[in-house]
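First up is the structure itself, then whatever we jot down about it.
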Amino acid sequence: MSSRVLRKLGLQTEKDLIIPGDEASDTEADFSSGGTKKKLNLNRYDLLNQQSHSESEVKEDDDHETTGSINASEAGGENKDAQKRKKKKKKKKCSSKAQNPRSSEDNFEDEVERSVREVNQILGEPCKQATPASEPDVFTSSNKIKLLAVEPKFLNANNELKRMFGSRVVHAETNSKRKSRGRAHVKQTILVNIKDTWPPVGKPGISMKLLNKTAFSSDGSILQFVFEHSVQYQQVQMKFLEAVESLNPDNIVMILNSNSYHVDALLQLSELCRHSEDFSMAADLVERALYCFESCFHPSFNMTSPNTLCRLDYCKQENRGFFIALFKHTLSVGNHACYRTALELCKVILSLDPETDPLAVILLIDFYALRAQEYDWLIRFYNEWEPDRNLSQLPNFKYSMAIAHFQNNDPETAHLLLQEALIMFPMVLLPLLEKCAIQPDSRVQNHPFFTGHAPKTTSPSLQQLVSLYVERSYHVWKESELLPWLERNVLLVLDQVDKGLPCVEEAKQKRQRLYQATIPRSILRHVVLSDVKNVTAIIPEDTRSPIFNFDPLPPLDSVNLYTRPNTSRIGVIDNPHTLSIFFRSFMPTFNVNQAAQEAAVALPDVLQGGGAEGGAVEGAGGIGGVASASVDLRRSVNSLIDAMRDLLSNIHMPDVQDDGDVEDEED
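Per the UniProt record's numbering, the very first residue in the sequence shown carries number 1; after that it's consecutive.
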């Protein structure tokens with residue numbers, strides 16, 4: 001026990017203190033027969049409370065400490081009175097503690113808070129809207145966070161393939177590839193499965209930085225990240241942009257040959273492979289880009305944590321490659337019938353930037369939810385997001401919600417929702433039946449509500465959404481139970497139209513009012529990246545630059561680190577390379593026939609002769625030139641793809657001799 005506390009009690013050493021067994025009186029003090037030791041009726045643990053007082057109390061105790069030292073030599077009666085006064089003073093202090101509980105440190109904190117309040121009165125309160133956590137929207141609501149929670153086991157497409165075909169089949173395929181390559185990777189990944197044909201990622205020149213952290217609840221926080229490029233990567237990126245502007249794919253292949261994990265080059269060549277119908281190579285290049293990003297993740301970047309919301313700003317040019325690679329990977333696994341994996345990837349993309357949804361994943365997520373039979377999740381998602389996003393104004397969600405309730409054994413709600421969808425978006429019915437190879441009823445086919453009324457009240461922007469939904473989701477309607485259900489409700493809707501119910505006219509007015517504006521750029525990006533058959537993006541008239549798949553239609557408020565080189569001519573090329581026609585096809589005003597004719601006209605032997613006879617010869621030469629240019633284009637593209645495939649397949653790493661380094665497939 002400290003000597004200061006002992007002196008405060010009028011004692012010299014700890015030996016002078018005797019713990020009593022009877023606590024009947026707080027003020028009684030007995031002395032031994034020899035008078036050498038003092039007995040104080042005091043609990044030793046009460047002294048701990050006295051040592052925990054604030055600074056002001058300690059100072060006051062120090063003053064009493066001096067007084068106690070002086071009075072230690074006085075008579076026992078005086079010491080007894082001093083002890084009584086001290087006890088009473090302590091009790092008084094405890095009773096008035098609530099009235100005056102502040103120490104000097106507390107007073108200092110009050111002065112700081114008072115100064116902050118005075119500054120806020122002069123300059124105004126800080127802008128709370130600037131922090132994402134203070135916005136009462138889709139980002140921080142507990143229900144919305146749970147709906148976008150990602151389950152890691154469903155992010156791996158191989159796990160879904162095992163559930164469909166059995167683990168033995170998937171393991172046999174994987175083992176055969178691994179034996180042929182002779183290499184195994186040890187590192188575990190979440191988004192993709194590392195392939196033995198891929199070179200080591202090393203240091204690709206991309207890193208991730210944590211910008212800020214904002215708490216939105218007691219145990220949750222929002223982390224804002226950004227990808228950064230090294231100086232060397234920036235130099236390679238400028239060469240890539242020059243190669244793209246040159247319209248010569250050989251230059252892009254050269255960049256990828258020296259920089260195996262250049263993200264934009266991987267994405268652009270993936271699009272080239274997809275157009276040449278080499279879907280396996282296209283998917284491989286996209287997965288390699290995702291592997292590059294995943295190897296650069298910040299330690300705090302966790303897409304599967306329920307209490308940590310990771311955000312990426314699509315306006316940052318360096319972040320957009322990750323969004324686009326994720327979107328392309330989602331489409332790829334969806335094309336392989338891995339619908340649950342595609343649904344989880346949609347959650348990842350939407351959770352990265354839910355405020356703007358830059359790739360319009362909202363047009364895709366309902367399709368994968370239906371195909372994955374996640375009907376209950378889709379219903380909860382719609383109910384939670386409808387107040388903020390007006391999902392009922394989108395054709396895909398209007399029809400998908402009816403199907404979800406129907407499959408979820410709620411027929412009454414399903415009937416009502418389907419009838420509302422048919423009244424709000426009647427232009428969906430006939431194209432949908434045509435895609436399903438169903439002959440419509442004579443009453444439906446001749447009724448103006450579905451034939452004449454629907455096309456007249458459909459704006460170009462709405463027609464694009466309708467076409468996108470029909471081309472993507474008509475497989476869902478081919479189930480045997482859905483088509484008869486659709487037919488019954490179509491007839492009920494026609495009865496309502498014939499009766500002239502107000503809901504029909506209200507839907508018409510609402511439809512004409514909502515879809516007259518320019519289609520958002522996020523939906524245009526979605527259409528460009530999806531590349532759905534018979535659906536063409538309506539490019540704004542003010543868009544003059546080419547549209548490339550590695551960064552289609554950048555945001556108007558984009559924060560750019562790179563600027564595309566200016567080209568002297570974007571029109572007809574003097575010496576057109578046949579492969580350049582492919583890259584010109586990404587331009588919004590591209591016409592394949594016109595491009596082939598330009599290539600044919602550039603041939604020196606075509607434009608020969610004169611007069612009527614010469615004109616006939618010239619026309620024949622033009623036709624032959626068009627055919628020749630088309631054949632040359634196909635041959636050149638196929639040659640390039642074959643060369644690139646050979647290059648990538650011939651990359652082999654040394655065999656792993658140590659069995660301990662080989663990844664166990666059963667894990």
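Note that beta-carbon positions come from the ideal geometry of N, C-alpha and C, so glycine has one too. Given the structure is predicted, the values throughout are model-derived calculations rather than measurements.
Determine the direct distance from the alpha carbon of residue j to that of residue i, and round the result to whole angstroms.
i	j	result
P152	I324	20 Å
N549	I255	17 Å
P552	V528	7 Å
G424	T197	The question names Gly, yet the displayed sequence has Met at residue 424. Near 51 Å, if we compare the C-alpha coordinates of T197 and M424.
P460	R389	21 Å
F216	N307	10 Å
T341	A369	10 Å
Q516	S300	43 Å
N575	V466	Low local confidence applies: a pLDDT of 44 at N575 is under 50, so the model's placement there is unreliable, and no value is given.
D353	L290	18 Å
R380	K316	32 Å
L561	D264	14 Å
E242	E271	18 Å
D504	N383	The amino acid at residue 504 is misidentified as Asp; the sequence shows Val. V504 and N383: Cα-Cα distance of roughly 24 Å.
V236	S295	19 Å
A402	L147	20 Å
L501	H453	16 Å
P484	Q407	14 Å
L201	Q234	Note on identity: in this sequence residue 201 is Val, with Leu being the wrong assignment. Spanning the two alpha carbons is a distance of roughly 17 Å.
Y375	F165	23 Å
E428	S522	In the sequence as displayed, the identity of residue 428 is Val instead of Glu. Their Cα atoms are separated by approximately 22 Å.
L491	M303	47 Å
K203	F293	11 Å
In the DSSP assignment, find the alpha helix (DSSP H) that holds residue i and state where it starts and stops.
i	result
N251	P249 to S258
C346	Y339 to L352
H329	R320 to N335
K153	K153 -> no alpha helix (DSSP H), and no H or E assigned at all.
H526	R521 to S530
S305	From DSSP, S305 is part of no alpha helix (DSSP H); its letter is neither H nor E.
S142	S142 to L147
For residue i, name the three-state secondary structure that DSSP assigns.
i	result
H229	strand
L394	coil
L312	strand
I222	strand
V559	strand
N158	helix
H447	coil
H298	coil
Y261	coil
R544	coil
F550	coil
Q516	coil
S270	helix
V192	coil
A360	coil
V244	helix
K203	coil
K239	helix
D278	coil
V286	helix
R564	coil
Taking the beta strand (DSSP E) that residue i falls in, what are its first and last residues?
i	result
A215	I206 to A215
Is residue i close to the ligand FMN? I mean its beta-carbon at under 7 Å from any heavy atom of the ligand.
i	result
S305	By its list of ligands, the structure shown contains no ligand whatsoever, and the ligand FMN lies outside what it can speak to.
Open item on the list: If contact is defined by three or more beta carbon pairs under 8 Å, each pair taking one atom from either stretch, is the stretch 145-159 in contact with the stretch 186-198?
Closed with: yes
Open item on the list: Count Cβ pairs between the stretch 342-350 and the stretch 255-271 that sit closer than 8 Å; are there 3 or more?
Closed with: no
Open item on the list: Threshold first: 3 residues or longer. Then list the beta strand (DSSP E) segments lying entirely within the stretch 362-445, N to C.
Closed with: none
Task: Three-pair Cβ contact test at 8 Å for the stretch 416-430 versus the stretch 395-405 - done: yes
- [ ] Let me know the alpha helix (DSSP H) ranges lying completely inside the stretch 439-509, each 4 residues or longer, listed in chain order.
- [x] 442-446, 460-473 and 482-499
Task: Inter-stretch contact (C-beta, 8 Å, three-pair minimum) for the stretch 273-286 and the stretch 555-566 - done: no
Open item on the list: Closer than 8 Å is the cut-off here; do at least three beta carbon pairs connect the stretch 496-515 with the stretch 529-549?
Closed with: no
- [ ] Decide if the stretch 464-478 is in contact with the stretch 434-441; the criterion is three or more beta carbon pairs, one per stretch, under 8 Å apart.
- [x] yes
TODO: Determine contact between the stretch 218-228 and the stretch 308-324, defined as no fewer than three beta-carbon pairs at a distance below 8 Å.
DONE: yes
- [ ] Taking 8 Å as the threshold, find out whether the stretch 402-416 comes into contact with the stretch 442-454 through three or more Cβ pairs.
- [x] no
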